[in-house]
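Chemist: Quick one: this structure, given as structure tokens, is what I'll be asking you about.
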Amino acid sequence: MDKNVLLVAIRAALQAGARIMDVYTDPNADFEIEKKADNSPLTIADRKAHEVIASTLSVTPYPILSEEGKKIPVEERQSWNELWIVDPLDGTKEFIKRNGEFTVNIAYVKNGTPEAGVIYIPVKKELYFADKEFGAYKVNEISSLAEDMTLDKLMAQGVRLPYTTESDRPFTIVASRSHLSPETEAYIEEMKQKHSRIEIASKGSSLKLCLIAEGKADVYPRFAPTMEWDTAAGHAIIRATGKEVWQADTRRPLQYNKTDLLNPWFIAE
Numbered sequence: 012m013d014k015n016v017l018l019v020a021i022r023a024a025l026q027a028g029a030r031i032m033d034v035y036t037d038p039n040a041d042f043e044i045e046k047k048a049d050n051s052p053l054t055i056a057d058r059k060a061h062e063v064i065a066s067t068l069s070v071t072p073y074p075i076l077s078e079e080g081k082k083i084p085v086e087e088r089q090s091w092n093e094l095w096i097v098d099p100l101d102g103t104k105e106f107i108k109r110n111g112e113f114t115v116n117i118a119y120v121k122n123g124t125p126e127a128g129v130i131y132i133p134v135k136k137e138l139y140f141a142d143k144e145f146g147a148y149k150v151n152e153i154s155s156l157a158e159d160m161t162l163d164k165l166m167a168q169g170v171r172l173p174y175t176t177e178s179d180r181p182f183t184i185v186a187s188r189s190h191l192s193p194e195t196e197a198y199i200e201e202m203k204q205k206h207s208r209i210e211i212a213s214k215g216s217s218l219k220l221c222l223i224a225e226g227k228a229d230v231y232p233r234f235a236p237t238m239e240w241d242t243a244a245g246h247a248i249i250r251a252t253g254k255e256v257w258q259a260d261t262r263r264p265l266q267y268n269k270t271d272l273l274n275p276w277f278i279a280e
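Below, the structure is given as structure tokens:
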């Protein structure tokens, strides 16, 4: 992807993070929590983040499929060979709990494959971004971009992923704080038979995929529902590190902009 276009997506994620933090840190803020059709929560921060991302990405040539966007007819979006898949606030439950484990996710998808991605953690001011052409990077202590910022400068500020080289750590499995299914528990038991030492790392939102990209964890089995916008950005970042997110049953990579936006069960490794 063009580096300037990816920089626009990074700027959009940082601006969305600023909007989210305005709500998160306001002691008088009413999160205006609503329930979506699937009974999951939606807040004013989700809506504000969506607005700024949609506005910022409008200068790019690609349409947007966003969790908080209008429901686009399948026939229309199936004609999109290239698009953005966006979750303006991934981890709304974590946001409401105020535990900081929520992210902004933006992915560029071409022909069903995530080729570039941005994940921003507003509370920690941590930015992950990647493109299949030049790899994946993490930048710490960032909340905005200078006007003269270029992607090359940003890459120079960051560290290339994966960067963890601990060879003696236990085999580490990523599991959700709130979605530990019986199938996941069975998978963990299976891994215990194969590895002498096992460690479970629990994180909210797309941070689970970031742990794989960083090299801090070995595998993330997900045998519970997720949507495309939950995984697309993290999947792009993982792919740029030479790893993959596989469908659990077929061992083919996850695909995007499907007729049904629900992901199958998967294993990231």
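Start counting the sequence shown at 12; every next residue gets the next number (the numbering used here).
Where is the CB? At the ideal position from N, CA and C, for every residue including glycine.
Since this is a predicted model, take the numbers as computed values, not measurements.
With a cut-off of 8 angstroms, do at least 3 Cβ pairs link the segment 155-163 to the segment 249-260?
Modeler: No: fewer than three Cβ pairs fall under 8 angstroms.
Chemist: Suppose only complete runs of 4+ residues qualify. What are the alpha helix (DSSP H) ranges in the segment 152-198, listed by chain order?
Modeler: Runs found: 162-168.
Chemist: Which one or two residues does DSSP pair with Pro264 in a beta bridge?
Modeler: DSSP lists Trp257 as partners of Pro264.
Chemist: Please go through the segment 30-106 and give each complete beta strand (DSSP E) segment of 3 or more residues, from N-terminal end onward.
Modeler: Here the runs fully enclosed are 75-77 and 93-101.
Chemist: Would you check if there are 3 or more beta carbon pairs closer than 8 angstroms linking the segment 74-90 to the segment 265-273?
Modeler: As far as the Cβ criterion goes, the segment 74-90 touches the segment 265-273, which means the pair count is three or higher.
Chemist: Work out the CA separation of Ile209 and Gly226 for me, nearest whole Å.
Modeler: Cα-Cα distance, rounded: 15 angstroms.
Chemist: Which residues in the same chain have their Cβ closer than 7 angstroms to the Cβ of Phe277, if we skip the five residues on either side of it in sequence?
Modeler: So the qualifying residues of the chain are Arg233, Val256, Trp257, Gln258, Ala259 and Leu265.
Chemist: Taking the alpha carbon of Asp241 as the reference point, which residue from Glu152, Ser213 and Pro275 has its own alpha carbon closest?
Modeler: The residue with the shortest Cα to Cα distance from Asp241 is Pro275.
Chemist: List the endpoints of the continuous alpha helix (DSSP H) containing Thr242.
Modeler: Glu239 to Ala251 is the extent of the alpha helix (DSSP H) around Thr242.
Chemist: Report all residues from its chain with a CB closer than 6 angstroms to the CB of Thr183; omit the five preceding and five following residues, and keep chain order.
Modeler: Excluding positions up to five away in sequence, the list reads Glu210, Ala212, Ala228 and Asp229.
Chemist: Look at the alpha carbon of Thr71 and the alpha carbon of Val115, and state the distance between them as a whole number of angstroms.
Modeler: Each residue's Cα considered, the two are about 18 angstroms apart.
Chemist: In whole angstroms, what is the alpha-carbon distance linking Thr124 and Lys14?
Modeler: Each residue's Cα considered, the two are about 18 angstroms apart.
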